[in-house]
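Contents: one structure, followed by commentary.
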Amino acid sequence: MADVAAAWRPYRAVLASRVRSQASYRGGFVLDLASSLLVGLVELAEVWVLYRAISDPGGIGGLDLAAAVLVFGLADLSFSIADMLVGHVDTLPRYLRSGTLDVFYLRPQPLLAQLVTSEISVRRITRIAVGAVALGIGLVINDIAWTPLHVLFLALVVLTSTATFAGVFVAAAGVQFFLVDASEMTNAIVYGGRYAASQPASVWSKPLVALFGFAVPIAFTAYLPTVALLGLRGSAWLPGWVGWLAPLAAVWTWAVALLAWRTGIRHYQGGGG
45 MADVAAAWRP
55 YRAVLASRVR
65 SQASYRGGFV
75 LDLASSLLVG
85 LVELAEVWVL
95 YRAISDPGGI
105 GGLDLAAAVL
115 VFGLADLSFS
125 IADMLVGHVD
135 TLPRYLRSGT
145 LDVFYLRPQP
155 LLAQLVTSEI
165 SVRRITRIAV
175 GAVALGIGLV
185 INDIAWTPLH
195 VLFLALVVLT
205 STATFAGVFV
215 AAAGVQFFLV
225 DASEMTNAIV
235 YGGRYAASQP
245 ASVWSKPLVA
255 LFGFAVPIAF
265 TAYLPTVALL
275 GLRGSAWLPG
285 WVGWLAPLAA
295 VWTWAVALLA
305 WRTGIRHYQG
315 GGG
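Basically this note's numbering = 1-based index in the sequence shown + 44.
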């Protein structure tokens with residue numbers, strides 16, 4: 045344990061310095077927190093307005109407003125945590141274009157660990173708070189037949205959904221070694237996936253089910269776990285029982301992410317400076 049703590053000490057020091065630097069400009073820091081909070085509240089309000097406008101008692105895609113709030117809470121909480129911890133790896137193209145990535149190779153730490161600890165988006169704390177509150181409300185207003193298995197599953201879902209989104213960030217960064225200047229394309233998958241995660245996958249078209257249901261298993265972060273917790277049937281392509289496999293989706297995502305990252309590192313031949 046002492047060796048592990050010593051190995052992580054440099055990373056903790058770097059992260060602490062990043063937090064202090066962001067909090068040093070209090071006015072801007074407070075504005076960042078407030079703007080992040082406002083965006084989260086607006087997105088939650090969008091869900092409320094959309095479902096309140098639906099007269100069908102079945103809601104949208106078999107989910108009523110209560111279930112939709114639970115989906116939103118799981119998606120927003122897990123994505124916001126992943127975004128705060130590893131979302132800044134999407135700055136990799138900037139290092140590639142400027143040729144400054146080589147500096148990271150001079151340090152005796154893994155490249156991915158250095159990039160992950162190079163920054164931390166503290167302003168995401170308010171988005172995490174919005175997601176946590178929405179999740180709490182969703183758990184209260186839904187009729188869930190709680191058992192020890194359901195409690196364990198919920199805890200695992202929060203962890204594995206965060207891991208899934210983090211893996212998507214890393215996979216997108218790995219692809220940048222080949223694309224260099226196409227972050228908009230990978231961001232469409234990453235942030236488009238975050239938006240898709242907060243919607244019922246039962247209304248997705250088949251191409252979206254193939255993309256965000258299996259290739260990039262975003263459906264396993266919020267929709268399918270919600271369907272499993274509530275005992276709903278789900279859809280033809282994504283039945284409710286599949287939600288219990290959410291941890292396997294995280295494993296799959298990270299297997300692909302690490303493969304993309306290692307392939308990208310092998311492809312990289314330096315900045316040429």
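Ideal Cβ positions, reconstructed from N, Cα and C, are used throughout, including at glycine. Keep in mind that this is a model prediction, so the values were computed, not measured.
Select from the options the residue whose C-alpha is nearest the C-alpha of residue i.
i	options	result
residue 300	253, 288, 216 and 101	216
residue 201	107, 289, 305 and 304	289
residue 311	257, 223 and 275	223
residue 95	147, 113 and 81	113
residue 234	130, 77 and 75	130
residue 246	102, 83, 93 and 89	102
residue 188	132, 99 and 111	111
residue 243	304, 261, 199 and 266	266
residue 178	212, 154, 230 and 116	116
residue 197	91, 118 and 259	118
residue 258	92, 81, 236 and 297	297
residue 291	262, 302 and 275	262
residue 367	107, 83 and 210	The question about residue 367 has no answer here: the residues shown for the chain are numbered 45 through 317.
residue 313	180, 89 and 149	149
residue 273	100, 71, 199 and 77	199
residue 210	181, 302 and 186	302
With DSSP collapsed to three states, give me the class of residue i.
i	result
residue 145	helix
residue 278	strand
residue 104	strand
residue 291	helix
residue 244	coil
residue 283	strand
residue 127	helix
residue 134	helix
residue 265	coil
residue 97	coil
residue 171	helix
residue 272	helix
residue 206	helix
residue 298	helix
residue 79	helix
residue 230	helix
residue 260	coil
residue 163	coil
residue 122	helix
residue 189	coil
residue 312	coil
residue 251	helix
What residues in its chain sit with their C-beta under 8 angstroms from that of residue i, if we drop five residues either side in the sequence?
i	result
residue 85	174
residue 231	134 and 216
residue 79	167
residue 81	170, 171, 173 and 174
residue 229	223
residue 98	104
Round the Cβ separation of residue i and residue j to the nearest angstrom and send it over; I've been treating them as touching at under 8 angstroms.
i	j	result
residue 219	residue 308	7 angstroms
residue 156	residue 305	6 angstroms
residue 260	residue 212	6 angstroms
residue 176	residue 121	5 angstroms
Using C-beta distances below 6 angstroms, list every residue in its chain close to residue i, excluding the 5 sequence neighbours before and after it, in chain order.
i	result
residue 286	268
residue 294	204, 207 and 208
residue 183	none
residue 238	123
residue 241	119, 262, 265 and 266
residue 132	163
residue 145	139
residue 91	112 and 116
Just to confirm my understanding: we take residue i, look at its own chain, exclude 5 residues before and 5 after, and list those with CB closer than 7 angstroms. What are they?
i	result
residue 227	134, 137 and 220
residue 88	116, 174 and 178
residue 76	167
Inter-stretch contact (C-beta, 8 angstroms, three-pair minimum) for the region 121-135 and the region 164-180: Taking 8 angstroms as the limit for Cβ pairs, the verdict is that the region 164-180 does touch the region 121-135.
Between the region 278-285 and the region 244-259, do at least 3 Cβ pairs fall closer than 8 angstroms? The region 278-285, when compared against the region 244-259, does touch it at the 8 angstroms Cβ threshold.
Touch test, the region 136-151 against the region 184-198, Cβ-Cβ under 8 angstroms, three pairs minimum: At 8 angstroms Cβ cutoff, the stretches do not touch.
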